[in-house]
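For the sequence shown, the tail end lands on 938 under full-length UniProt numbering, and the numbers increase by one without skipping. Okay, so here's the structure we're looking at.
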Amino acid sequence: MPSETAKPPVKLSLPLEYQQDCFSELRNEDELVILARGLGLLRVVTNLLHSYDAIGNNLVVVVGADERENGWIGEALAEHAAISKAPAARGLSQVNTDMMSVGMREKMYSQGGIFSITSRILVVDLLSKLLNPETVTGLVVLHSERIIATSIEAFVIRIYRQMNKVGFLKAFSDNPEPFTTGFAPLASMMRNLFLRTPSLWPRFHITVAKSLEGRKKAEVIELEVPMTDGMRAIQNAILECVEVSISELRKADTGLELDDWTLDSALHKSFDVIVRRQLDPIWHRVSYRTRQIVNDLSVLRGVLHALLTYDAVSFNKYLDTILAAHQPPPGSNRQNQSPWLFLDAANTIFETAKRRVYTGKPVDEEAPGASGALPDSLSPTLEEQPKWALLADILEEIEGDAYFNPGIRDDSNGTILMMCSDQGTCRQIREYVQNMHVRPQQATEDDDVDSDAEVKASATLMMRRKLRNYLNWKRDFARVSASLFTENQKVLESFTDQMGANGYRGKGPPNKRRRVRGGSSAASGGGRPVNSSLQMAADRESQLATLIANIQPADADSEQKDEVAVDSLDDMEGYFELYEMNDLVVVHPYEGDMDEHILEEVRPRYVIMYEPDAAFIRRVEVYRSSHNDRNVRVYFMYYGGSVEEQRYLSAVRREKDAFTRLIKEKGNMAVTITLDGAAPSDPQEQFLRTVNTRIAGGGRLAATAEPPRIVVDVREFRSSLPSLLHGRSNVVVPCMLTVADYVLTPNICIERKSVRDLISSFKNGRLFNQAETMLQYYKYPMLLIEFDQNKSFTLDTFGTDHTTNLSTANNPQDLQSKLALLTLAFPRLKIIWSSSPYQTAEIFDELKKQQEEPDPIKAVQTGLIAGEDPSDQSFNQTPQDMLRAVPGMTEKNLSRITLEVGNLADVSNLTEEELDVMIGKEAGRQVYRFFNRSVLED
């Protein structure tokens, strides 16, 4: 550790050897640290920040931290400062919103300390010198795996390194996989981060293994849970559907590398995203069927996850919604249902899922007739998840252990911590644990004979309640579907009438009699019956009535209290008490690094991992190795032979392979020399760029060394273009512009639109207003239409949404006709087409040649009324676009509401009288009706 840090009494919290080694490396040199998940990355980061914070007189900036990590770092720094008794420590200051004024930010920066700043605010403050890069002690970058050449974080690091050659720069990541994709990915990432040294800490690192595998290992009990026959049948059927979908994708001749398109990789959560990214450049040429299969893969993966986490009733309900979503819209003649729904395996999924909830039972002894009619009554099956019974056994074992071995005294509480994947599973487990020993009335009457026998845990009460809610939901769902159907039918009829009025453009009317092969039934109607392509066998009303009668709520149901979502704390005095930690059962979802907090605060003796998670296992190892006096017993549950087990094993294998590749690349990596952040440039080219060759009429040859300058609207820093312009040796001046997005010269202004922005701007009419203001103030106004570099340079990509939607907003011909109208309305408006931000930067350089530099102050004042503040003009566009779609909302009404109401939620809660005062009686009535209409109404 450097000598200057030895003077103040800085106390660190790094109990393990690998943490100490990593910290000492970081203090001595700038490097990229890649740590395996679960090994306590944030602990190393907070100790590093505290070592600078405790000294005082430092200004350290943290980039890339999310809200939860900011909370963690802030708490940890305050705790460290209290332990070290460091009077100079300032703790963490967050700068994460545009609402914090410029003056306030400038004052905070001048005082120093540790700052966590969002990338967009930081890049603007660095460029405008509100935060002078030379005064920054160092930069700490989290989630460095997300940093690519065009990201804002890379822009921030480049500005910092250009202006500050002596400040430190440390980057961190606990996700090694992104560093292994592409050609020399680690070297490319190091170049983006302006770093030379990577530091790799996998789980199999000698120091890490020695730290975690000593004598203080946690006691782990691995429990393999067999799936029920129904669950196994459904899983096999889903995997068959996934396999057929992948084979169909392979048959489509896309010309792509298909080696990774296997059933094993399809289990990974980002598989459909990877497939979509590969297909993006040729998306407009891909057939409708292929696009549909890509969407189906994400649906099937969701069904696979739901099978293992949802209870039988919720899973059946989820399948109902999928089936409803895949029905063709009313009046559609297109066979647009997903191919997997027509497989035998799909029928197995739906039928088995229904049998897990309820099944038919014949009224008399005889089986149903040969006609195949359904039995006249249904009985609840209510299959329970196999993990529930095992969970009850584990809790019973823990209770027995605590009763028979009360003498164990250590620093752990007797708390039981259950960890699962998400909040939905948490609610399910809490409900089960609360009700597992409660019996409904009918069950207790039947069990009187066995009253002496031990009562086994059961989820009957919970499942009956869920089935009642499901049947009520199904009835309401049918009513909503019927209501939406009639509404869509009206729209369809009005559209048909309109088509009839406009003529059929050479086609015969749909019901014109003509000869049809195979009979005349097709000639009598305008297509097949609505939703006739795939219908599941529905249950009769009489059957459902019998089923509802079977599961009526008993006295035990009414005694159970509902889960409290929000407590007003009105009567806090009467109910407030501290929990006894030895009797506590905590159910919590996995939350990444936050799980370390849970372990430290709860200090559990027993941990039940309801679902496998490799990172959490390591967190328990780190926790146990860090505390000599805390014993932990871990119950590790997983479904044997399931996708859950396979996914866990493949995640561990992928991480190990990623670290192995990184170690090999690190051994062969060349050292990057140019780390000052300056773009290479030819001095002669620099000179020639500024030479004024227009010497007619006796003018002198003039040259200037002033670099080119571009004025950029601060809202444009969400895109990658300002970063690329800066990388081409342009001075980027961020300003709050009222007219245009970029000002290149005193005469040239540019409004940048991505194709999706262009479509939405045409829809709401904003583009015409923008074009009008640009023409009013600038001699050469231009509209830049910029495409994504990973997609095809054609408008066809945005016209391939082959749904049966009646709107033609996404039709490329429609977009072209609107562009033609725009150029006819504004002949002076030039349109620039760019295939990517890289090409846009080149175009801007060409446009600026031999031109004067723009004046930022004049650019800001352009379009403002005298004395008006430019910051008053900035409103969020997305809510405004949503409000424009509300009936009765004109541009005039929109501006009134935008100025008087804070957000969309407040608009929806306005009374009819308040709306009348703002926008008039008729418009107010329409807006009020829109927000207050029930979906169940006809």
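Don't be surprised by glycine CBs; every beta carbon is placed ideally from N, CA and C.
May I ask you to report which of helix, strand or coil DSSP gives Pro722?
helix
Would you mind stating whether Arg610 and Met419 have Cβ atoms separated by less than 8 Å?
Correcting the residue identity first, residue 610 is Tyr in this sequence and not Arg. It is a contact, given that the beta carbons lie within the stated cut-off.
Quick check on Val61: does DSSP put it in helix, strand or coil?
strand
Expressed to the nearest angstrom, what Euclidean distance is found between the alpha-carbon atoms of Arg517 and Gln327?
Residue confidence for Arg517 is low, a pLDDT of 40 falling below 50, so the modelled location carries little weight and cannot support an answer.
Does DSSP put Gln235 in a helix, in a strand, or in coil?
helix
Please work out which residues of its chain come closer than 7 Å, Cβ to Cβ, to Glu25, disregarding the five sequence neighbours upstream and downstream, and give them in chain order.
Glu31 and Ser199
Residue(s) in a DSSP beta bridge with Ser173:
Ile34
According to DSSP, is Val449 part of a helix, a strand, or is it coil?
Model confidence at Val449 stands at a pLDDT of 43, short of 50, so the residue's coordinates are unreliable; what they give is reported in the following sentence. Note: Val449 maps to coil in three-state DSSP.
Excluding five sequence neighbours on each side, which residues of the same chain lie with their C-beta closer than 7 Å to the C-beta of Ser128?
Pro734
Output the boundary residues of the beta strand (DSSP E) element that contains Pro198.
Pro198 to Trp201
For the region 160–168 against the region 134–141, do three or more pairs of beta-carbon atoms, one drawn from each stretch, fall closer than 8 Å, so that the two count as touching?
yes
From the DSSP secondary-structure annotation, give me the bridge partner or partners of Pro781.
Cys749
Could you pull out every residue in the same chain whose Cβ sits closer than 7 Å to the Cβ of Asp422, ignoring the five residues on either side in sequence?
Pro589
Tell me whether Arg276 sits in a helix, a strand or coil according to DSSP, three-state version.
helix
Quick one, are the C-beta atoms of Ser625 and Leu16 less than 8 Å apart?
yes
If we ignore side chains and look at the alpha-carbon of each, how far apart do Leu142 and Arg430 end up?
35 Å
Element boundaries [alpha helix (DSSP H), containing Gln327]:
First-last for Gln327: undefined, no H or E at that position.
Are the region 765–779 and the region 718–725 touching by the rule of at least three beta carbon pairs closer than 8 Å?
no
Between Thr183 and Ser144, how many whole angstroms is the CB-CB distance? I'm expecting something under 8 Å.
Per the sequence shown, the amino acid found at residue 183 is Phe instead of Thr. The pair is not a contact, with the Cβ atoms about 19 Å apart (cut-off 8 Å).
Nearest-angstrom Cα separation, counted from His80 out to Cys22:
19 Å
Within the same chain, show all residues whose beta-carbon is closer than 7 Å to that of Thr840, passing over the 5 residues directly before and after it, in chain order.
Leu721, Leu784, Glu786 and Ser834
Going by other Cβ atoms of all chains shown within 10 Å of its Cβ, with 16 needed for buried, is Tyr18 buried or exposed?
buried
DSSP-derived helix/strand/coil call for Val140:
strand
Which residues DSSP lists as bridging His588, in chain order
Met419
Pick out the complete beta strand (DSSP E) segments inside the region 600–658, 3 residues or longer, and give them in chain order.
606–609 and 633–639
If we count the other Cβ atoms within 10 Å of its Cβ and call it buried at 16 or more, is Asp296 buried or exposed?
buried
How long is the line joining the alpha carbons of Ala218 and Leu467, rounded to whole angstroms?
41 Å
Cut-off 6 Å between Cβ atoms - residues of its own chain near Glu665, not counting five sequence neighbours on either side:
Leu186
Going by DSSP in three states, Phe115 sits in which element: helix, strand or coil?
strand
Across which residues does DSSP place Glu786 in a beta bridge pair?
Ser754 and Ser834
Rounded C-beta distance between residue 939 and Thr150? I'm assuming under 8 Å.
Residue coverage of the chain in this structure runs from 1 to 938, which leaves residue 939 outside it and unanswerable.
Over the uninterrupted beta strand (DSSP E) stretch that includes Asp713, give me the two end residues.
Arg709 to Asp713
From Ile238 to Ser817, what does the alpha carbon distance come to, in whole angstroms?
45 Å
Skipping 5 residues on each side, what residues in its chain have a beta carbon closer than 6 Å to that of Lys210?
none
Determine the contact status of Leu126 and Val622, defining contact as a CB-CB distance below 8 Å.
no
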